[in-house]
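Novice: This is the structure, below, for whatever I ask next.
Number of protein chains: 2
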Amino acid sequence: MRERPSKTALYTVDAVLVTAIGNELAILLVRNASERERWSLPWQTPQTGETLDAAAASTAEEALGESPTWMEQIGAFGDGKRHPSEAEVSVAYLGLVPHETAAPRASYSWFQIGDLPSLPPRQRAMVEGATKTLQSSLDQAPIAFRLLPATFTLSELQQMYELLMGKRLHKASFRRALQAAWLVEPMDEWRSEGRGRPAQLFRYLPKKKRRPHRGVRFDFLYP
Amino acid sequence: MRERPSKTALYTVDAVLVTAIGNELAILLVRNASERERWSLPWQTPQTGETLDAAAASTAEEALGESPTWMEQIGAFGDGKRHPSEAEVSVAYLGLVPHETAAPRASYSWFQIGDLPSLPPRQRAMVEGATKTLQSSLDQAPIAFRLLPATFTLSELQQMYELLMGKRLHKASFRRALQAAWLVEPMDEWRSEGRGRPAQLFRYLPKKKRRPHRGVRFDFLYP
DNA sequence: GACTTTAGTCACACAAAGTGACTAATTCGC
DNA sequence: GCGAATTAGTCACTTTGTGTGACTAAAGTC
């Protein structure tokens, strides 16, 4: 956390950095400088002239030593909820990191999302906002791909979707939809994972081939 | 616009108020106090202790004399773009208003979205963000319904969807999807609009009857 | 070499969306 | 009054997409 330059902290930028560990999502927290047994999201006060996006990126880099594979603002939070800083408003960013390449620096560590310690109220709201954003933009943005390493098997991809959607998917349907979407490219590599037939490796490759949706979707029916 | 209390304006809350006029969306702008031929989005500096949502609602009420039928934060904007205030960051809200009940106060007026005057750069970005949010949450939230009066015909509803989606829809498909979604309730009223058979009036009525989605959606394929 | 395990595909049933043609109820022109 | 025009509302058929179980393929285990 960069120290705020003066008493009049204007606002902060906070990062909700997410990865997938095993069968659950995890969030990166940092130990408080003063009360060492308390945790909070990584945050900082932007330097004058720094853009919001840049401040979020630098917050993430300070925590992980590298940039997330995906970063997106999820909104401004304030509304009376307490924050480690004195800022009235904090701008939250969601960042995605493949677990394989994510080595937190000292005093940062991953917490399973179902097992978070108590957080400052404003940051608790950010975590909720982040999971909501994750769910709702699963089919608008390559969320699952950004949580996986650059190359992956289709089973891994399916497991990631199952994790994010919170339900099991049928293999044949999943692959059919994936093929129709023209989103992955097979590599000339296979990976043998102990037992069973080796799986082909793929990589994410967004492409041409758009096809507009057909009907209207009244999806807000299904909350 | 409420005057900012001191020179150190922390941040502002800006409102992108949208309505549908005829066959196009329109946005509410306010004439600048000093340069009367320039326009900007309604904004204000929140009073200390006021929540963001409350500040946005009060900005809208000051402009229209009433609350929008839908209001949602669309994010924080800063990133070096200029703003009428000296604040480094502004939090933008999207508000929806049915045109029938929207009477702007003095020095406010509606501008067709295709024919906006030049705006402060930060607010220009907000308008773009608002239209993006409109598009992307069309099937997550009752956007179209919030732009229509409380009671409407199915043809009006379809026209609103066509306007928001920017394409024509087939009547039978539209109504089939609407019925499946269980979102409107027929009233015992009909409205005769000049020529042709009178149309039954409906009202928005979200209900039970959920049905989970079936497959995965790789919709980000189609930008 | 039979059995287990994981990868990958196929085919069929069923559900949803695209589409044009139909019926229904009103106004307009004459 | 009556037929044409206009808008509302529905139907039936076709095409496309999804759910599902059973199948083949290639590896390890015993």
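These protein sequences, in sequence, are chains A and B.
Per my numbering, the first sequence starts with residue 8, numbered consecutively.
Per my numbering, the second sequence starts with residue 8, numbered consecutively.
By construction, the Cβ of each residue, glycine as well, lies at the ideal position given by its N, Cα and C atoms.
#1: Helix, strand or coil: which one does DSSP assign to P193 (chain B)?
#2: Counting pairs of Cβ atoms below 8 Å between the stretch 80 to 99 of chain B and the stretch 18 to 34 of chain B, do you hit three or more?
#3: Starting from the beta carbon of E196 (chain B), find every residue of chain A whose beta carbon is closer than 8 Å, and list them in chain order.
#4: State the DSSP-derived secondary structure class of V25 (chain A), mapped to helix, strand or coil.
#5: Buried or exposed, going by whether 16 or more other CB atoms sit within 10 Å of the CB of G82 (chain A)?
#6: Less than 9 Å between CB atoms is the rule here; does K14 (chain A) satisfy it with respect to chain B?
#7: Please list, in chain order, all residues of the same chain as R45 (chain B) whose beta carbon is under 7 Å from its beta carbon, the five residues on each side excluded.
#8: According to the Cβ coordinates, are T19 (chain A) and W50 (chain A) closer than 9 Å?
#9: So does the stretch 141 to 148 of chain B actually touch the stretch 196 to 204 of chain B, counting three or more Cβ pairs closer than 8 Å?
#10: Roughly how many whole angstroms lie between the Cα atoms of Y168 (chain A) and S92 (chain B)?
#11: So that I know if they touch, is there some Cβ in chain A lying closer than 9 Å to that of L24 (chain B)?
#12: With distance defined between alpha-carbon atoms, name the residue in B:S74, B:G121, B:Q165 and B:L190 nearest to S180 (chain B).
#13: For G85 (chain A), does the count of other Cβ atoms within 10 angstroms reach 16, so buried, or fall short, so exposed?
#14: Return the chain-ordered list of same chain residues with a C-beta closer than 8 Å to the C-beta of L185 (chain A), the five sequence neighbours on each side being excluded.
#15: Can you find a CB in chain B that lies within less than 9 Å of the CB of T66 (chain A)?
#16: Pull up the CB-CB distance for L123 (chain B) and I34 (chain B), whole angstroms please, since I reckon it's below 8 Å.
#17: For S162 (chain B), which of helix, strand or coil comes out of DSSP?
#18: For the stretch 132 to 146 of chain A, enumerate the residues whose C-beta is nearer than 9 Å to any C-beta of chain B, in chain order.
#19: In terms of residue numbering, what span does the alpha helix (DSSP H) encompassing L185 (chain A) cover?
#20: Closest Cβ-Cβ distance between M172 (chain B) and chain A: below 9 Å?
#21: Cutting at 6 Å between CB atoms, please list the residues of its own chain near H90 (chain B), excluding the five before and the five after it.
#22: How would you call S47 (chain A), buried or exposed, if buried means at least 16 neighbouring beta carbons within 10 angstroms?
#23: Can you tell me the Cβ-Cβ gap for M78 (chain A) and A70 (chain A), rounded? I've got them flagged as a contact below 8 Å.
#24: Considering only the alpha carbon of each residue, which of A:Q80, A:S143, A:R112 and A:A151 lies closest to L32 (chain A)?
#25: Could you tell me the boundaries of the alpha helix (DSSP H) in which I150 (chain B) lies?
#26: At a Cβ threshold of 9 Å, is L180 (chain B) touching chain A?
Specialist: Checking against the coordinates, here is how it stands:
#1: strand
#2: yes
#3: By Cβ distance, chain A contributes nothing, its closest Cβ being about 23 Å from E196 (chain B), past 8 Å.
#4: strand
#5: buried
#6: A caution first: K14 (chain A) carries a pLDDT of 43, below 50, which makes its placement in the model too unreliable to give a value.
#7: N39
#8: yes
#9: no
#10: 44 Å
#11: no
#12: B:Q165
#13: buried
#14: L161, L164 and V191
#15: no
#16: 7 Å
#17: helix
#18: S143, S144, L145 and D146
#19: K178 to A188
#20: yes
#21: S97, P127 and R129
#22: buried
#23: The Cβ separation is near 12 Å, so there is no contact.
#24: A:A151
#25: I150 to L154
#26: This sequence places Ser at residue 180 (chain B); Leu is not what is there. Yes, S180 (chain B) lies at the interface with chain A (some Cβ there is under 9 Å from its Cβ).
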